[in-house]
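Step one of this worksheet: look at the structure below.
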Amino acid sequence: MMLSAVAAIVAIAVLAVAWLFHINAAMQDVPEGAHRASPHRWTKQQLQDTYERVKQKPVDFTKLLPPRLGRRYVVVGGSGLVGGDIVLQLLQRGESPESIRIVDFAPINRRDMLEAAARCDFVKADIASRSSVETAFAKPWPGSVAKLPLTVFHTAAVVRPQERSLLLYHRISRVNRDGAVNVLETARAAGADVFIATSSASVSIVPPNFWIWPWQRSPTNYFQVADEKDFDAPLRPHHLFFSNYAFSKAEAERAVCTANRDSFRTGTIRPGQPIYGQKTDPVLGIILRTGDNHTWIPHVVQTLSTRATWPSPISSSKPPSPPRATTANPCPLVPAAPST
């Protein structure tokens, strides 16, 4: 009887270990869907050739800039990566420095902004504080631009993708959700008629489930397509977001889009890839500063440089006109352009 019990315990232990090995193997594998979406791997030679080509002829986006609109602009988070580039591109397309105001908690320290952005107004503010935001917006504008229409870009955020517990949610919601609402309502009170906020494609991502059955090849939700279908559905509960960061962005974009009116056009943009490009950015900047970097996840599909070496554009067709927002549908989805 004792031997039978011991044998049963050993058998269960062996099965448990085998199950864990199966889960580990599944986590190391690239799902078939990912292979189909990105079937070609870059070689070291392709990376080196691309680097040399871009080094000799840097990518120039100035020819893609829209024309000068002659408006006032408040860029909240304008000292950072996204907001800073918005400021620079506004200047590059001919907007006057007097018409641009940078609102940020941190001073400007990007080298490419020290000269150009020095001509723009800078106001230090904590967007978690309504009074601080109101003070930043209430500062008088130069007389030459004071009567121009006002556009507000909101790009300030706290990024803590590793935090998942609701007990820590206040650390990020006070900025990403409450701060966005503070800026939104202050912008509306200040007479802005356009408000654009930066969200995240991670809003649509649900957490993967790695505890798979022995007959399953891949974890559930291991490979996902980031789209906007979730926006037309009720807001998911917190545990169905991959982190506090994504949940805070989801709550913020609902608040922003709900505020849309004919006299106050609001919308959000969900960047679909990590945003990088400066030595101060948290994606590639830290790698450039560190020098030697190691990775233990070689199976992860890299999509940052997708199509970078392709000779043809993603689409040669003229994109359709964006649908008009209405009170009933404050943030209509923009149809994707047909790919070639």
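Using full-length UniProt numbering, you'd call the opening residue of the sequence shown number 1 and step up by one each time. All C-beta atoms in this analysis are idealised placements derived from N, C-alpha and C, irrespective of residue type, glycine included.
Ranked by how close their Cα comes to the Cα of ARG72, the residues VAL194, PRO208, GLN28, PRO234 have VAL194 in first place. Cα atoms of ILE23 and ILE102: separation of roughly 49 Å, rounded to the nearest angstrom. Counting only unbroken stretches of 4 or more residues, the alpha helix (DSSP H) elements lying wholly within the segment 68-117 are 81-92, 111-114, in sequence order. Boundaries for ALA146: no alpha helix (DSSP H) harbours it, and the DSSP string shows neither H nor E there.
Here MET2 is exposed, its C-beta having fewer than 16 other C-beta atoms within 10 Å. Shown here, ARG265 sits in a strand according to DSSP, grouped into three states.
Going by beta carbons, SER218 and GLU163 fall outside the 9 Å limit.
Residue pairing by DSSP places ILE196 opposite PHE153, GLY267 in a beta bridge. In the structure shown, the three-state DSSP call for LYS57 is coil. VAL145 is positioned such that its CB atom lies no closer than 9 Å to that of ALA136. Nearest Cα to GLY77 within the set GLY70, LEU167, VAL87: VAL87. The C-alpha of LEU148 lies about 26 Å from the C-alpha of PRO107. Judged by beta-carbon spacing, ALA226 lies within the 9 Å limit of ALA201, meaning their Cβ atoms are closer than that value. A residue is called buried when at least 16 other Cβ atoms come within 10 angstroms of its Cβ; LYS249 meets this threshold and is buried. By the CB criterion at 9 Å, ASN182 and ALA116 fall outside the cutoff.
A straight-line Cα-Cα distance of about 60 Å links ALA16 and LYS63.
The three-state reading of DSSP puts LYS124 in strand, counting E and B together. For the pair of segments examined, the segment 174-190 was found to touch the segment 256-270: the number of CB pairs separated by less than 8 Å reaches three. DSSP, reduced to helix, strand and coil, places THR220 within a strand of the structure shown. Classified as buried, ILE100 has 16 or more neighbouring CB atoms from the shown chains inside 10 Å of its CB. The three-state secondary structure of ASN182, taken from DSSP, is helix. Where VAL133 is concerned, the enclosing alpha helix (DSSP H) starts and stops at 130-138. Its chain contains GLU98 as the residues whose beta carbon lies nearer than 7 Å to that of PRO142, once the 5 sequence neighbours on both sides are disregarded; these appear in chain order. In the displayed model, ASN293 falls within coil according to three-state DSSP, outside both helix and strand. ILE172 sits buried, since 16 or more C-beta atoms from the chains shown fall within 10 Å of its C-beta. In the three-state reduction of the DSSP assignment, ASN244 falls in the helix class, which pools H, G and I.
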